[in-house]
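Residue numbers (the working numbering): 1 to 94.
Cβ atoms here follow ideal geometry from the backbone N, Cα and C, with glycine treated the same way.
Owing to the predicted nature of the structure, the values given are computational and were not obtained by experimental measurement.
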Amino acid sequence: MCLTITNEYVNAKLFREKKFEQMVEEDKINILYYHCCFRYSIEDYMTNSSLRNRFLLDNSKPSTDRISNLIKKAKNMKLIKVGPNKSYIPFWAE
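Following this line, the structure appears as structure tokens:
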């Protein structure tokens, strides 16, 4: 979903579900970041496993590697950082 908010209206643009392979990199990073923020807000921090589940990927090595690479990119972009117990938290979190 994409929201555009102005003083006069709110425009919500909904997207249909896509498979991980069909998504562009920007969408994957956005989903990762919002997943990380959500998980932080409920104090159940993002892990490789939780992100695989979010993208409906299995526990195979190729899936784990794809998610690990995506997490690495997000860390390099300074969107997320390492949290407690092998988890990840948003860059702004304490």
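**Q.** Contact belief for M46 with H35 at Cβ below 8 Å, rounded distance in angstroms
**A.** Position 46 of the sequence shown, counted from the first residue, corresponds to residue 46. Position 35 of the sequence shown, counted from the first residue, corresponds to residue 35. Right, their Cβ atoms sit about 6 Å apart.
Q. Apart from the five residues on each side of it in sequence, which residues of its chain come closer than 6 Å, Cβ to Cβ, to R54?
A. Walking along the sequence shown from the start, residue 54 turns up at place 54. H35, listed in sequence order.
Q. What number of angstroms, rounded off, separates the C-alpha of P90 from the C-alpha of D27?
A. Along the sequence shown, read from residue 1 onward, the residue named residue 90 stands at position 90. Along the sequence shown, read from residue 1 onward, the residue named residue 27 stands at position 27. Whole-angstrom Cα-Cα distance: 17 Å.
Q: Determine the DSSP secondary structure at K78, reduced to helix, strand or coil.
A: Start at 1 with the first residue of the sequence shown, and residue 78 comes out as number 78. It is coil, neither helix nor strand.
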